[in-house]
Amino acid sequence: MLPEAFRPVSYFLSEQLARLRTGTLTPLTDFYEQQRDIFSRWARRQFGTTPDSAHAVLREVLLEFYDQANDGRLSRWPTDLRAHLYGVARQILTATVTNTALPAESPLPASEADRRLLVLRTMRQLPYDSQLVLQQFYFHGSNFETLAVKLGYPNANVARRQKSDALRKLYEALQRLGAVGTAELLPHLTEVERASDGLMASAEQDEFDAQMMLDAELRQACLAYEQYAADLRWAAGRETLRLRLESLDRRVAQRMAAQQRISRRQRRQRVRLGAIAGALAVLLGSLVVLWPKRDTPTRAWANYDLQEPRLPATTTDGRPLLEQSMNLYHNGSYPAALHTLRRLPAGALGQDTFLFYNGLLLLRQEQPQQAESYFQRVSEMPNSPMAGRATFYLGLAHWQQQELPQAQAALQRAVGTAPSPHRNMAQRALREAGFQQ
């Protein structure tokens, strides 16, 4: 093998394409983050496209690039990725402006393409936890030990059962939709899955192989399983990419909304000071008019949030991934902090601390529904020092989703179990935010 310094450029381009197919989406997500605003301005100058429409086109182009890499239309990574993607986007925007149809591409047989789309749509209908298990297993290629660490399961056996349950839910949903091969696959799913995952003993595997040679129905089930596994790898990767691109959009929108709130607050302060300076004679009336109104429970949760400190240096010393995650969290880079935290090896951090910071980083990205399950698990650990804090943030997660009775109940529990800052803030929220006592 040639030393790295002497390898041709085509080697690195092909390697990057292979990494994209096997779970590394960073080149595409980084491109979107860096080019999002630049592309929006370019599309507005060239085609008069609104920013939201331009962002949607760029996401569509990146998803199509992923599809091309997986179905073989893209045989090598473009030397100039920006020029390649902008060229595809130009075709889409030109067709939109001129109201003309793009030439239809059919890289796959119609039956295979329809089956892929059906798997993708069906996977999106599964519970969020099931989607996450399938994405980690089929796209990222996580083994069961890694799966348990990343998703907070007690051990590899629990992770394996969760993956099997998610897979069965998917195939049962596909069968209800009339998907080809699922009726033959479901009766044999357990044994076919165990054989595919390498969980059979040597003698059991030999017996399975011999049975497959004699049983046509079992052979058909194995073929269907392999077809759907390939479709699932594609669907899991595409859905992961779509969610990451949309998450980047939400982060930018949250940052812009925060800046607008600051500007409005500063403008209100200037107006208020001017009114006070110009109308001292009516100071009392001005105070009554300008006094902040009491927030309603559905909108005031942010006023009672706390800035949770990062882990102390005594915990992060000698653990570079953990220290990097805490630095990213401190700097407000929550998605990157969460990604780095989930790369920690098993046993590197206590389970309650790992789950707590998973939930906190999801909550900071305004994903309360996903954060809720992590806080719930920690709050139910009786001997954990994080339980009281988790109960407080569980209340905030319910509050963000406007689940006010559950939020009130969690905050009331936090008053009795949380440490001082969280307990005081929970008491203040219950007293001031309009909850029914």
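Heads up, the sequence shown stops at 477 in the working numbering, and the numbers go up one at a time, no gaps.
Built from N, CA and C at the ideal position, the CB exists for glycine as well.
As the structure is a computational prediction, the values presented were derived from the model and not from experiment.
Start and end of the alpha helix (DSSP H) containing residue i?
i    : result
T367 : Thr is not the amino acid found at residue 367; the sequence shown has Asn there. Where N367 is concerned, the enclosing alpha helix (DSSP H) stretches over P360 to H370.
V159 : A150 to R164
V322 : Element bounds for V322: n/a, residue is neither H nor E.
Y168 : Y168 to L174
S80  : T66 to F87
S424 : No alpha helix (DSSP H) holds S424; DSSP gives it neither H nor E.
M465 : S460 to E472
T222 : T222 to L225
P91  : P91 to D111
Give the DSSP-derived three-state secondary structure of residue i in the structure shown.
i    : result
W117 : coil
R282 : helix
Y211 : helix
S182 : coil
T230 : helix
H245 : One point to set straight first is that residue 245 is Gln, not His, in the sequence displayed. In the structure shown, Q245 sits in a helix (DSSP, three-state: H, G or I).
Q202 : helix
V137 : helix
Q448 : helix
D255 : coil
L62  : At residue 62 the sequence reads Thr, which differs from the Leu that was named. Reduced to three states, the DSSP call for T62 is coil.
P375 : helix
Q407 : coil
P352 : coil
M240 : coil
Q56  : helix
G192 : coil
A219 : coil
G435 : helix
G390 : coil
R130 : helix
R383 : coil
L346 : coil
Q441 : coil
L263 : helix
L142 : coil
D357 : coil
T457 : helix
My assumption, with CB atoms under 8 Å, is that residue i sits in contact with residue j. Please give the rounded CB distance.
i    : j    : result
L285 : L102 : 7 Å
E395 : Y369 : Looking at the sequence shown, residue 395 is not Glu but Leu. Incorrect: roughly 15 Å between the Cβ atoms, too far for contact.
Q245 : A235 : 7 Å
L57  : R116 : 6 Å
L217 : L148 : No, L217 and L148 are not in contact; Cβ-Cβ is about 19 Å, not under 8 Å.
G112 : F179 : Not really, about 18 Å apart at Cβ, beyond 8 Å.
D271 : R156 : 5 Å
A473 : Y344 : 7 Å
L354 : M366 : It is worth fixing the name first, because residue 354 is Thr in this sequence and not Leu. Rounded, the Cβ-Cβ distance is 12 Å, inconsistent with contact.
Q410 : Y168 : 6 Å
L444 : A466 : With a Cβ gap of about 14 Å, L444 and A466 do not count as contacting.
Is there at least one Cβ from chain B nearer than 9 Å to residue i's Cβ?
i    : result
E224 : No chain B appears in the structure shown, which is made up of a single protein chain.
**OP:** Would you check if there are 3 or more beta carbon pairs closer than 8 Å linking the region 281 to 290 to the region 88 to 104?
**Re:** Verdict: yes, contact present.
**OP:** Specify whether the region 173 to 180 and the region 203 to 214 touch according to this definition: at least 3 beta carbon pairs, one from each stretch, less than 8 Å apart.
**Re:** yes
Original post:
How do the region 187 to 199 and the region 291 to 301 stand: do at least 3 beta-carbon pairs fall below 8 Å, yes or no?
Top reply: no
Subject >> Segment contact flag, the region 402 to 417 with the region 372 to 392, C-beta cutoff 8 Å, min 3 pairs >> reply: yes
**OP:** Determine, using beta-carbon pairs with one atom in the region 426 to 445 and one in the region 456 to 471, whether at least three such pairs fall under 8 Å.
**Re:** yes
Subject >> Inter-stretch contact at 8 Å, needing at least 3 Cβ pairs: the region 256 to 269 / the region 216 to 236 >> reply: yes
Original post:
Would you say the region 127 to 137 touches the region 73 to 92, given that touching needs at least three Cβ pairs under 8 Å?
Top reply: Below 8 Å, enough C-beta pairs join the region 127 to 137 and the region 73 to 92 to call them touching: three or more.
Original post:
On the three-pair Cβ rule with 8 Å, is the region 266 to 285 touching the region 182 to 198?
Top reply: no
Original post:
Is the number of C-beta pairs between the region 304 to 321 and the region 119 to 132 that are closer than 8 Å three or more?
Top reply: no
Original post:
Taking three-plus beta-carbon pairs below 8 Å as touching, is the region 380 to 388 in contact with the region 358 to 365?
Top reply: yes
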